[in-house]
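Working notes for the structure below.
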Amino acid sequence: MLGLEVKDIHSQYGANKVLNGVSLSVEDGKFLTLLGPSGCGKTTLLRVVAGFNQPTKGEVYIKGERVDLDPPYKRDVGLVFQNYALFPHMTIFNNVAYGLRLRKLGKSEISDRVREALELVRLSGYEDRLPKQLSGGEQQRIAMARALVIRPRILLLDEPLSNLDLKLRQHLRLEIKSIQSKTGLTTLYVTHDQTEALVMSDQVAVLNKGVIQQIGSPTHIYEYPANRFVADFVGEGNVFEGKFSQDGTFTTEDGLSIQVSEGRTANVERGVLYVRPEKISITKTAKNVNSFPGRIRVIVYEGPTVRYLISLTPSREILAVEQITELASLRNEGDDVYVSWSPDGSAVVAS
Amino acid sequence: MNYLIRRNFPLIVVALIAIVLFGMFFLAPMFFLLRTSFWKYAPNAVGARGFMIPAFTFENFQRALTGTYLDYVILTLRVGVVSTVAAVVLSYPVAYWIARWQGHTRLKRFLLITLIASFLVGSMARVFAWYSMLTGQGFINSLLSILGFQRFRFIGTELAIEICQVQYLISVATLSLVSPLKNLDPKFEEASKSLGAEEVRTFLNVTLPLSLPGIVAASLLCFAITVSAYVTPLVLGAGGILMVSNLVTVAFLQVSNYPLGAAFAVILLVASFVSMYVLEKALLSRVRT
């Protein structure tokens, strides 16, 4: 069964088309992330599902039931906002109990379920505090508890980690993911952070200018970008423009000839080839395939990894990232090296 | 030390100017008023300055808070409370509509301009306009008689004062409620709705409590304006009704009893401070973020 399905959603403010025929579906219990730059329409789509934006056209189904004509309070969705939106005038207990009271549950059931929900987000004992007494990360977990306690049909998260600092973000990513798999809730997650999308999701939908560019698993999105936008937006890449011929050779405009595996190419004649920096290996001697001489120009030491900017030709520089397994293996500026990658290490998309 | 002074010199100058102005035009008059209110009224004493002698006494407050004077003080507070409540209750929906409803931009702008215009009309013009509307043959009474009601003697009643005050206060309250309602993050209401609360419940559970600080601020403004009303009771009270401001004037200008006048003024001030404190304690301790 599908947990969530949206069909051909159009949304428009005046002349501004925010969503232009978006369709997607999420299998029951799966985690789908809407990934895209700001203004791509991802939040609008989430708000259409929640019922706060009326689409100009299109349908929304939650667990097979059509909901796009229902008001938000009848949709039974759990919603978590970027700025938490905990009710500042209510204690944590009352915040979490809010949805349960509206469902007219008995006193003891309410307190049992609130306790369970707080245990789930590991904030037991916070019942009597006010939201302002909690840190940002704690507030966000309470917001999760408040959304989950009503046992919604789906969970919607709108950039929930964007206001938090990096360490906390990394921690909460895993926590949200684990809560999601524990509860088995169909989840729609909105973010502009590609790492978040890759780390947490079962499926990622990359959105730009109100149109879905690609839907797929994180690996698929990263390894087989469907077009230039996806390749640029997700991860880093060295970009070569050129021609592709059917024998699997990509010839760049500055004359490099690159072998590309089958299945790594779009069916195009002119295209753009992407090589991820971590797929590039640096060696003293040439390898058999896709090996090009160059000189190390800039070294950026990042702790676990090091980034090399290597000039291949006067007009072409290539970025490579290496793990630092031994400090002795660090290279020096000005070293003459070969950069190479396997035919499986690059992808060609339409330009 | 020298270095600190030099570095912060502009700041120190600005602060000094502020302190001097505040002291001269606020603290000093306040101090003299307070001191006068505790001095002894002495119309015939030899060597008295302005019919009073600097001897500490509670006499003035005793007089101000007994008998007819007390009635006037209570009336003032009552008119203050009634007008404030009526004005805020009537203004809130209007402000809510202006601040939180989509669309109708032109109508909203027109309404805001009307409110500002009505706020800026001089008190004399407003009071006499109401006087002519509320007299026996005035617009309101004609309307009442057309509708089959008895004509009513408005002039000289509390009601007349309250009607005129409320009309003015609606502009004050609406204008001061619009911006706190506008600044209220709609995410709170959306969170409430997503949890299952329909519009009315969301309003009562979330919007209203979160707009309390704005309501309190508007109420205090309305209350302070009303209890210090002068022209309105003078004209619409038609001599039958006096409010504390009128008593202050009488005490200072007609009977030259400065200590009593000062005592009335202090009572007004204390009433305003107390109402501020009570509202703050009763309503806001939780909501403030």
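First to last, the sequence lines map onto chains U and W.
So in our numbering, the last spot in the first sequence is 1069, and the numbers never skip.
So in our numbering, the last spot in the second sequence is 290, and the numbers never skip.
Every residue, glycine too, gets a C-beta built ideally from N, C-alpha and C.
Nearest CB-CB separation between W/Leu211 and chain U: below the 8 Å threshold. Listed in chain order, the positions of the segment 186-199 of chain W with a beta carbon within less than 8 Å of a beta carbon of chain U are Asp186, Lys188, Phe189, Glu191, Ala192, Ser193, Lys194, Ser195, Leu196, Gly197, Ala198, Glu199. Interface with chain W (8 Å Cβ-Cβ cutoff): U/Ala768 is included. Closest in alpha carbon position to U/Thr751, among U/Tyr1056, U/Arg891, U/Gly1012, is U/Arg891.
The segment 799-813 of chain U and the segment 739-756 of chain U do not touch, with fewer than 3 CB-CB distances between them shorter than 8 Å. If the five residues before and after U/Val867 are omitted, its C-beta is found closer than 7 Å to the C-beta atoms of Val814, Gly817, Leu818, Arg831, Val832, Ala835, all from its own chain and listed in chain order. Beta bridge pairing from DSSP links U/Ala1038 with U/Tyr1026. Going by DSSP, U/Arg946 is part of the alpha helix (DSSP H) stretching over 946-951. Taking a Cβ-Cβ cut-off of 8 Å, the neighbours of U/Ala803 in chain W comprise Asp186, Lys188, Phe189, Glu191, Ala192, given in sequence order. Within chain U, no residue has its CB atom less than 9 Å from the CB of W/Val179, the nearest being about 21 Å off. The segment 226-275 of chain W is shown to contain whole alpha helix (DSSP H) runs of 4 or more residues at 232-237, 245-250, in chain order. U/Pro878 has a beta carbon lying at 8 Å or more from every beta carbon in chain W.
The beta carbons of U/Val798 and U/Asp876 sit closer together than 8 Å.
Membership of U/Ala1068 in the beta strand (DSSP E) is indicated by the continuous run 1064-1068.
A Cβ-Cβ distance of about 4 Å is found for the pair W/Ser172 and W/Leu116, placing them in contact under the 8 Å criterion.
Note that the C-beta distance between U/Leu841 and U/Arg859 is below 8 Å.
U/Val839 and W/Lys188 have their alpha carbons spaced roughly 22 Å apart. The three-state reading of DSSP puts W/Phe39 in coil, since its state is none of H, G, I, E or B. As for any alpha helix (DSSP H) of minimum length 4 sitting wholly inside the segment 731-767 of chain U, there is none. When 7 Å is used as the limit between beta carbons, W/Val217 is near no residue of chain U, the shortest such separation being about 13 Å. Counting only Cβ-Cβ distances below 7 Å, U/Gly817 has contacts in chain W at Leu196, Gly197, in chain order.
In this structure, U/Asp1054 and U/Pro1011 form a Cβ contact; the two beta carbons are roughly 7 Å apart against a cut-off of 8 Å. Contact between U/Ile810 and U/Glu837 is ruled out by a C-beta separation of about 13 Å, above the 8 Å threshold. Rounded to the nearest whole angstrom, the C-alpha separation of U/Ser1009 and U/Glu1051 is 20 Å. Checking the DSSP bridge columns, you'll see U/Tyr992 partnered with U/Val957, U/Ala1065. Sequence-distant partners of U/His728 (beyond 5 residues in either direction) whose C-beta falls short of 7 Å from its own C-beta, in its chain, are Leu737, Asn738, Gly739, Pro773, Thr774, Lys775, Gly776.
Along the length of the segment 45-121 of chain W, whole alpha helix (DSSP H) runs at least 4 residues long occupy 60-65, 68-101, 106-121, reported in chain order. Under a 10 Å Cβ-count criterion, W/Val256 is classified as exposed, with fewer than 16 other Cβ atoms of the shown protein chains found around its own Cβ. Neighbourhood of W/Val228 in chain U, by CB distance below 9 Å: empty, with the nearest CB roughly 29 Å away.
Remark: C-beta atoms of W/Leu178 and W/Ser84 do not approach each other more closely than 8 Å. In the three-state scheme derived from DSSP, where H, G and I count as helix and E and B as strand, U/Asp726 is classed as strand. Pairwise C-beta distances place the segment 1056-1069 of chain U in contact with the segment 975-990 of chain U, as three or more of them are shorter than 8 Å. Neighbours of W/Val207 across chain U, judged by C-beta separation under 7 Å: Phe805. According to DSSP, U/Asp876 shares a beta bridge with U/Val908. Beta-bridge pairing by DSSP links W/Ala19 to no other residue. Taking 7 Å as the upper bound on Cβ-Cβ separation, chain W lies near no residue of the segment 722-737 of chain U.
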